Each structure stands twice: as C-alpha cells, then as structure tokens.
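The sequence shown runs 1366 to 2174 under the numbering used here.
A virtual CB, placed ideally from N, CA and C, is assigned to each residue, including glycine.
Model, not experiment: these values are computed from the prediction.
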Amino acid sequence: MQNNLRRVVSVSPLRLSDSWPVHREPPRPAELRQPGYLDKFDHDTLAYDAFPVGDTVRLSGPPLLNLAADLADATWRIDDTEVGANLRDLDRTQASWLDASATGGQKVTVTLAEATCDAEISESGVDWFRDRLVLTTKSKNNDLQWISDWALFHAQKQNVDAVLLYDNGSDRYRPEDVLKALDVPGIEVAVVVSWPFKFGPQGGSWEGLTDAPWDSDFCEYGILEHARHRFLSEAAGVLNHDIDELAVSEDAAGVFDLLAVAESGAIRYPGRWIDTPRATVTEPPRFSDFTVYDSSRWSSTSKWAIAPRRTREAQQWKTHSVHGVTMETTKRIQHRHFTGITSNWKYARVGATQINAAKHRYDMRLSDALADVFGADSIHPVPGIVEPGTISALLGDVERGLDARRRLGEGLQKVWHWQDDTLVLDYESVHGARYAYDVRVTPQGVSLQITARDDVSWYAVRKRCSPYGTVVPKSARRLQFGRWKPEMPMEQVVSDLVAHIQRGNTDLNQTIEQPPRAIASYWWDQRTNFGDQIGPWLLEAIVGRPSYNTIGQPNAGDALMTVGSLITEMQRPGMTIWGSGLIAPLSNAAIKRLKDREPREILAVRGKRTRNQLIKHLGWDVPEVYGDPALLMPYVLQPGERPSGRSGLSVIPHYSQTHIVADSLITRCGGHHVDVQRSAEEVVAEIAQSEIVVSTSLHGLILAQAYGIPWVWLRIADEGLVGDRFKFSDFFTTLEKEEVASVSVTAEVAAELDLERVASKATLPGSKFDPRALVEVLPYDIREDFVRQLPGTRRSRLHTGKWMRRTVR
C-alpha cells in the first residue's frame, strides 16, 4: 500500500488533426442548442488518455458517435505492431480498448487514409490506490480553502484516506496548488489529474434551454470512467462527491461501514440542499458558515459509494448512479449539498435568501459534524431561526410526556430520534404490519404522522386508519394524524397524541371474527372494482362457503389467491394460487421481492405468459392449467333478459379511463356505459345481457368471452393501464389469438372515436379454456348444483372428500 504519495498527473490524448477526414459531429439538433454550443463542443478529442489495463490498452474518451464506422476501418498500432481495436460507446463516453497482449507498448497510433494521430501510453495508477478508501471528484476554480475543508471533513468523518481530483482547466491556480490544498491530516494518497478538455455544453433547462437532451457534456461521465479504469479498480471503496457536497452520517455508521455490509457492493443515498443564510460575512465563506436548510425544498440528487473489486460487472459509473449493479439505497448517510459553496460555473446559484421561520430549519446533524471537524466556535446561529436548543427542549417535553414504553401499548419495538426534531415510535402489529409514529416538533407546533415501513404494511395502514388520517402528498406510505399549534398547553398535546396513537394501534391490531368454515382468501379491495370482487363472490358460489380477505396481513399464512393480476405484488409467501396472473413481465425489483415470497402451491395461472415468467425468473413449479376463474361465471350466474330500452352495445372503460371514454361519447354512439365500480353481480349481469362489448378493461373482455358475447379490445395507447399489453396477451393465450379483435388509439383520438365502427370489428375468438381442468384443481368440496353445470365433468373427482387436500379456515 502506497503511503504519503502526492502527485500531479497528466494525460496523453489522441486528438484528430485538421487533416483527419472526419470529425465528431454534434448529436444535438440545432434548434435545441444554446448560444455557444459549438464552441463548448469537443469535435476533435478521439481519446482523453491511453493506459494499460491487463493485456489491453484502454482508450478513455468522448463517445465516438459518427467517427465509429471510419475508426473501425482504420489501422491501429501499438509501437510498430498492428493490433485489433474494440470500439464501443457508452452514455456520453466510450469503453474502447486495444489488444496489447503481444506488445510491451509505449505509443498508440491510428491511421486512416493519409491521416495519422498518436499518443504516448500513460502510466497506470491502480497500485497507488490499491486497498484505499478514496474520495473522487472533478473541479474547476473552486476555492482552495473549500478543497482543503472538503478533503479534511471526509477524512475525519468518513475515514477517507486517499483523494483523486480532476482539475478541469482551472485558471485561478495551478494543479500543484490543488495538490498542496489536499495536504490535510488523514489523507495518505493525493493525486491531481490535469484535465485539459472541453467539459461540453449542458442539457436540461440550463443556459436558456428547456428540457434539452443531456448528450454533449462528455467529461461528466468520461472523467468517472477514466478514474475507474486508470486508478481505482483495486480500491477498497470509492466515494463520489463534488466539492460542494459533504457526506454526513445520520448515526454511528460511516459510508464505508455500510458499503462493507451491502450485498451488492454499491450503495446510494439521498441529499439535502443547505441554504445560503449565514451569520458571518467573511469571504470566501466556509462550510461551517452554512447550517440552515429549507424544509419545503425538494431533495438534492442522490450520490453513491462503491467497492470496485466487488462490482467489476458494472457497466458504467455515472454521477448519480452506477449502471449494471444493484444500488442498495440507505438513508443512514445523507449528503449535504451547499448552495453557498460554488464558483457559479453553471448558473448564479448564490443570492440573498431571506429567512423564513416557517420553512428554514437548523440542520443539527450537520452542525455537530462540522463542529467536530472545524471546532465548535466555527458554528454561528442564524438570526431569525428558532434556536436548535428550543426545539430539543420541546421534543424532550413531548417524549417525557408520552412516557412511551408504559403508555402506548403492546407492539412497541423502538423509540428513537430522526434528525433534530422528530421522535419516532416503531411498532409491529399482531398481524405483522410494521409502522411508526413520527412526532415532529417545530416552531409551528407539533404534528403526528403514521408511516408504513413496507408496501404490505402500507396496505394495512391505509385500509384501517384512513377514516381519520389523510394521505400526505408526495410522501412514501404516510398518513397525517394531527397538528397542534405552539400555544396549546403541552399537557393537552401529549394527551391528544396518546389518544391518536392508541386509536391507531387498536385498529391495526384488531382481529375480525370470521364466519364458521370461511375460506381465507386474498383479493385487492382498496377500490370498488368488479374484477377484484369476482374472486370471493365466485368462490362462495362454487363451494358454498364465504371468504374473508387476508391482504395486508403479513402473518396470515396460507390463503387462496384467485381473480386478478395479484402475483406481481404478492405480499407474503405460503399462499395458494388459483388462476391469478402477473400484471407485467417481471422486473429485477419484482424478481428480488418475489424470491422470498414463494407460494405454498400453484394450482393454475391465468395464462401461459404468467407461467413462463414464473418458471424462467423464479424457478417456481407451475402446472399447465390455465384460465382466469372469471371464465366460470356463466356456470353460477345466468341473468335474465336485457331491460327494454337498453342498448345491446356495451362499452366498458376501465375506471382509470372514464375521462377518455366518457359518458357523452358512449351516448353519442347509442351505447350503454357499464360502470365497473359497482358490485360484481351487477356488472357481470349487464355484460352477459349485451350483444357486443367494447372494453378497455381486461375483465370486461374476459366476461364477454365467458358469456359468448363478441368483443373488441379498445386500447388507449398513450394512457395505457399498468402492465398494458402483458396481462391482456396473457389472457389471449387461452384463446385462438389470431381471432382476437383490437383497436389501438391515442387518448386524443379516443375522445372523438366512432364506437359503432369499433364495435363492428368485434369477434368471439375460439377458446382453449377447459373449465373442468380449472375446477378439478380447486381443493374444496364443490357444490353439486355447480358440478352439474360443467361440460363433461367427472363428478366423482370434483365433489368427493378426497379432493380436500388440507384443512381450511
């Protein structure tokens, strides 16, 4: 391991000469370019640097773009030996290399026609950073004091012992001055790379643009990929932070402690903007001058840390993420992004911010960290903001008043503080729901919110507590329970808090007594939608026993999952699946979630696409028994004649698309609007009484097929349903797919659509569905009157006791 290494390093670029037959062309259309775009664009750098990596010479540089085809035909040499070139573009950079296995190699040369360019091969710096905990960034003209403070803070608070800094053409000082600024306690290795390239024009909404593409700032990602391969591939850990950002631990764990236990070898964490109000007037300002944040402002973009040796499969290091590896998200680290620490290179970020006591807060975690590094006397309270000690005192009053562990019921797991102003009470219900109460104390008073710790628990919280709690906008799984003004006596506030918490706990722990012989089932019931209600209604009709819903109860154990696209968000393992489906192809996140939620048994699935996904990605045992159980509805419900005066053309918009396929549109074509937000029996009856069905709802099509009604799928292409084509095509695998009728239009076209013309395309596809096969796997005694309805049923196999394969509740 290198010790006390201090170096300024240069790069060896390949640049295209004026005689080179073609230069890099801008990827951005002229109408989306800001003034000065072409002056900032890098037309002629073929590679920033060439350096050895194993048996190759790596070329790090901007993307080749239009140069790629010609360079593939060019002649590449290392010294005098012709070598193969492997050229590949990444996002705003490249991952190219030359085969150097048969050469020693001092120089790279590329020749096309009569033009040539060459570069010396640079020295590898991998050994300098081997086993180090490295902080890396790029910088131009940032104040040298900021650079020193930035390095010192991370050395003392995050155990960084090496810094790799790219100086991108600073004209206020030399790279050697930057190196001297990095001479701080704890930093054993400091390398400054002199980087003489055009950074590239910005995208987004900077410099007078509006949503321009990020396609031309090549150094943004080119520097990171260069750092990764020339210097950091053997580092123990790498922390990526700009000069105006400090990584702050929210508890005792440092960023590299969390990285060490991250299974993927990569973590990502959010940030907070630190605002410009300060009590000092010194110039330049220091980090310790800024300790105030605006609580109403959006979060800063995320940053990351990575263990390079554990993540060699990563495709590309980027500013806010690493592509090709799973980034494990944590909030135990949050970086602080300082608005007031800036050279204003991108835009004028520093202005006179007025104190707003309703929004501005002291960041006590940051203040404590800055005081540890720069001394307590460096922290200066900002006038106009409530002193941090006042908030702490009020929070202490609340905590003592609650006397949480004795007064707030069973299931309390932990009492702790979040940031500087919130008391957190973590609970787990008897049903396994995990939730917390957040008691926040601010100058505006006290507030109480309940937060679900996972999606399963959020279902329970929202279902049971929403009658007296309101969903917090733009929040993750959170309800607002109450607010108390600062003038209210603390005794009254505490009494109210206890009452609210006790009420929430009572509702979340309530066990509803079920009817005798009721079947534990699992269906979605957060919204009235007939398709979700068909499962329990149908099950009772088939077996003569009621069902009760166990969704939102993590500890409920086995239950029968039936109608709907329920498997994707299945909340717990050990259940039984009968005819359910996936809503979309399995994403990486869904695969990861479902691996720990394998069902007890799969009896049947909706279609072949669901089966293929479950086998391919999860390895589950899925029989070749197909069909949505709603296809059995004709055997339990035969409605009477269609009421006089009602149109035989039924139009069934999904509940989320009624603003597109509106009543006025349906009336204009003489159709009948089937409202899916009613009971299953009502909706199914109206569908069964139709002559033709036009539906954007999947179960509208399934029920039409079941009752032999010609139908056509109306797809709103630009406002598709969740899962869109997948769940429909999954159902279509149980039909003669080539006979399926569909019309796909945009929402704008749909609003003026001739629905009669759409209806004229309706068909009744041939069916591959075998109702007997679906019913035979159902593990309950079947009602004899239902059995008699089935075509060709072997009755002895359907209603004898031997088909009871387990005890059911």
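Q) By Cβ distance, which residues of its chain are closer than 6 Å to K1828, with the 5 residues on each side in sequence left out? A) Within the sequence shown, residue 1828 is the residue found at index 463, counting from 1. For K1828, where only same-chain residues beyond five positions count, the Cβ hits under 6 Å are G1917.
Q.
Using the three-state DSSP reduction, which class does A1817 fall into: helix, strand or coil?
A. Residue numbering aside, residue 1817 sits at position 452 when the sequence shown is read from its first letter. Looking at A1817 - three-state DSSP - the assignment turns out to be strand.
Q. Buried or exposed: which applies to I1877, given that a residue is buried once 16 or more other Cβ atoms fall within 10 Å of its Cβ?
A. Counted from its first residue, the sequence shown places residue 1877 at position 512. When all chains shown are included, I1877 counts as exposed.
(Q) When you compare the region 1375–1382 with the region 1557–1577, are there three or more beta-carbon pairs, one atom per stretch, that lie closer than 8 Å? (A) As far as the Cβ criterion goes, the region 1375–1382 touches the region 1557–1577, which means the pair count is three or higher.
Q.
One question on the structure: do N1533 and S1504 come within less than 9 Å of each other, judged by their Cβ atoms?
A. For the purposes of this step, residue 1533 is identified with residue 168 of the sequence shown, where counting begins at 1. For the purposes of this step, residue 1504 is identified with residue 139 of the sequence shown, where counting begins at 1. Yes, these two residues count as a Cβ contact at 9 Å.
Q: Would you mind reading off the limits of the beta strand (DSSP E) that contains D1407?
A: On the sequence shown, residue 1407 is found 42 positions in, with the first residue counted as 1. D1407 -> no beta strand (DSSP E), and no H or E assigned at all.
Q: List the DSSP bridge partners of G1810.
A: Along the sequence shown, one-based indexing puts residue 1810 at 445. In the DSSP secondary-structure assignment, G1810 is bridged to T1807.
Q | S1629 CB to nearest heavy atom of the ligand GDP below 8 Å | A | Within the structure as shown, the ligand GDP is missing, as the structure has no ligands at all.
Q: Return the CA-CA distance between A1672 and L1735, expressed in angstroms with no decimal places.
A: The sequence position of residue 1672 within the sequence shown is 307, counting from 1. The sequence position of residue 1735 within the sequence shown is 370, counting from 1. When only Cα atoms are considered, A1672 and L1735 end up about 27 Å apart.
Q: Determine the DSSP secondary structure at M1998, reduced to helix, strand or coil.
A: Counting from 1 along the sequence shown, the entry for residue 1998 is found at position 633. In the structure shown, the three-state DSSP call for M1998 is helix.
Q. Between the region 1442–1451 and the region 1466–1483, do three or more beta carbon pairs fall short of 8 Å?
A. The region 1442–1451, when compared against the region 1466–1483, does touch it at the 8 Å Cβ threshold.
Q. In terms of alpha-carbon separation, which member of D1407, P1540, V1525 and G2010 lies closest to R1457?
A. Translated into positions along the sequence shown, residue 1457 becomes position 92. Relative to the Cα of R1457, the nearest Cα in the group D1407, P1540, V1525 and G2010 belongs to D1407.
Q: Using 10 angstroms around the beta-carbon of L1384, count the other beta-carbons present and answer buried if the total reaches 16, otherwise exposed.
A: Taking the first residue of the sequence shown as position 1, residue 1384 is located at position 19. Checking the sequence shown, residue 1384 turns out to be Ser, not Leu. Under this definition S1384 is an exposed residue.
Q) Under a Cβ-count criterion, where at least 16 other Cβ atoms within 10 Å of its own Cβ denotes burial, should E2104 be classed as buried or exposed? A) As a first step, residue 2104 must be located in the sequence shown, where it is residue number 739. Under this definition E2104 is an exposed residue.
**Q.** Coil, strand or helix - R1495 by DSSP
**A.** In the sequence shown, counting from the first residue as 1, residue 1495 sits at position 130. Coil at R1495, not helix or strand.
Q. Between V1990 and R1971, what straight-line distance do the alpha-carbon atoms span, to the nearest angstrom?
A. As a position in the sequence shown, residue 1990 is number 625, starting the count at 1. As a position in the sequence shown, residue 1971 is number 606, starting the count at 1. Approximately 8 Å between the Cα atoms of the pair.
(Q) On the CB-based measure, 16 or more other CB atoms within 10 Å of its CB, does N1507 come out buried or exposed? (A) Taking the first residue of the sequence shown as position 1, residue 1507 is located at position 142. Buried, since its Cβ has 16 or more Cβ neighbours within 10 Å.
(Q) Do N1870 and G1774 count as a contact pair if the criterion is CB distance below 9 Å? (A) For the purposes of this step, residue 1774 is taken as residue 409 along the sequence shown, with counting starting at 1. For the purposes of this step, residue 1870 is taken as residue 505 along the sequence shown, with counting starting at 1. G1774 is a Cβ neighbour of N1870, given a cutoff of 9 Å.
Q: Locate the alpha helix (DSSP H) running through V2048, then write down its first and last residues.
A: Within the sequence shown, the letter at position 683 stands for residue 2048. The continuous alpha helix (DSSP H) containing V2048 extends over residues A2045 to A2053.
Q: Would you identify the three-state DSSP class for S2094, choosing helix, strand or coil?
A: In the sequence shown, residue 2094 corresponds to position 729, counting from 1. Of the three classes helix, strand and coil, the one that applies to S2094 here is helix, per DSSP.
(Q) Please give me, in chain order, every unbroken run of the alpha helix (DSSP H) with length at least 4 that falls completely inside the region 1865–1916. (A) Taking only runs of at least 4 residues, the alpha helix (DSSP H) segments lying wholly in the region 1865–1916 are 1895–1908.
Q) In the DSSP assignment, what residue or residues form a beta bridge with M1926? A) Walking along the sequence shown from the start, residue 1926 turns up at place 561. Beta-bridge pairing links M1926 to Y1887 and I1942.
Q: Leaving aside the five residues before and after T2165 along the sequence, list all residues of the same chain whose C-beta is less than 6 Å from its C-beta, in chain order.
A: The residue given as residue 2165 occupies position 800 in the sequence shown. Low per-residue confidence applies at T2165: pLDDT is 35, beneath 50, and the placement is therefore not dependable enough to give any value.
Q: Take the Cβ of S2009 as the centre, count every other Cβ of all protein chains shown within 10 Å, and call the residue buried at 16 or more, exposed below.
A: As a working note, residue 2009 is residue 644 in the sequence shown. It counts as exposed.
Q. What is the C-beta distance between L1874 and V1795, in whole angstroms, given that I count them as a contact (C-beta under 8 Å)?
A. For the purposes of this step, residue 1874 is identified with residue 509 of the sequence shown, where counting begins at 1. For the purposes of this step, residue 1795 is identified with residue 430 of the sequence shown, where counting begins at 1. Reading the sequence as shown, one finds Asn at residue 1874 and not Leu. Between V1795 and N1874 the Cβ distance is about 5 Å, and since that is below 8 Å, they are a contact.
Q: Apply the 10 Å Cβ neighbour rule to V1826 and answer buried if 16 or more other Cβ atoms are within range, or exposed otherwise.
A: The residue you call residue 1826 lines up with position 461 of the sequence shown. Around the beta-carbon of V1826, 16 or more other beta-carbon atoms lie within 10 Å, marking it buried.
Q: Please determine if the region 1593–1604 and the region 1671–1685 are in contact, where contact requires at least 3 C-beta pairs separated by less than 8 Å.
A: Yes, they touch.
Q: Can you tell me the Cβ-Cβ gap for R1965 and G1939, rounded? I've got them flagged as a contact below 8 Å.
A: Here residue 1965 refers to the residue found at position 600 of the sequence shown. Here residue 1939 refers to the residue found at position 574 of the sequence shown. Their Cβ separation, rounded to whole angstroms, is 5 Å, which keeps R1965 and G1939 in contact under 8 Å.
(Q) Can you tell me where the alpha helix (DSSP H) holding L2120 begins and where it ends? (A) Here residue 2120 refers to the residue found at position 755 when the sequence shown is read from its first residue. First-last of the alpha helix (DSSP H) with L2120: L2120 to A2124.
Q. Thinking just about the alpha-carbon of each residue, which of C2034, R2033 and I2052 is nearest to the one in D2040?
A. To locate residue 2040, count along the sequence shown from 1; it is residue 675. If we check each option's Cα against that of D2040, I2052 comes out closest.
Q: Tell me where the beta strand (DSSP E) around C1584 begins and ends.
A: Residue mapping note: residue 1584 aligns to position 219 of the sequence shown, counting from 1. For C1584, no beta strand (DSSP E) encloses it; the enclosing alpha helix (DSSP H) starts and ends at F1583 to R1595.
Q | Secondary structure of R1539, DSSP reduced to three states | A | Counting from 1 along the sequence shown, the entry for residue 1539 is found at position 174. Collapsing the DSSP output to three states places R1539 in coil.
Q | Cβ-based neighbour list, D1576, same chain, cut-off 8 Å, excluding 5 preceding and 5 following | A | Reading the sequence shown from its first residue, position 211 is the one you call residue 1576. Within the same chain, D1576 has close Cβ partners G1569 and S1570.
Q. If we call anything under 9 Å between Cβ atoms a contact, is L2079 one with A2115?
A. For this step, residue 2079 is matched to residue 714 along the sequence shown. For this step, residue 2115 is matched to residue 750 along the sequence shown. L2079 places its beta carbon less than 9 Å from that of A2115.
Q.
Which same chain residues end up closer than 6 Å to L1589 when comparing Cβ atoms and leaving out the 5 residues on each side of it in sequence?
A. As a position in the sequence shown, residue 1589 is number 224, starting the count at 1. Only residues of its own chain outside the window of five on either side were considered, and among them W1682 have a CB closer than 6 Å to the CB of L1589, listed in chain order.
Q | Start and end residues, alpha helix (DSSP H) containing F1739 | A | To locate residue 1739, count along the sequence shown from 1; it is residue 374. According to the DSSP assignment, F1739 belongs to the alpha helix (DSSP H) that extends over M1729 to F1739.
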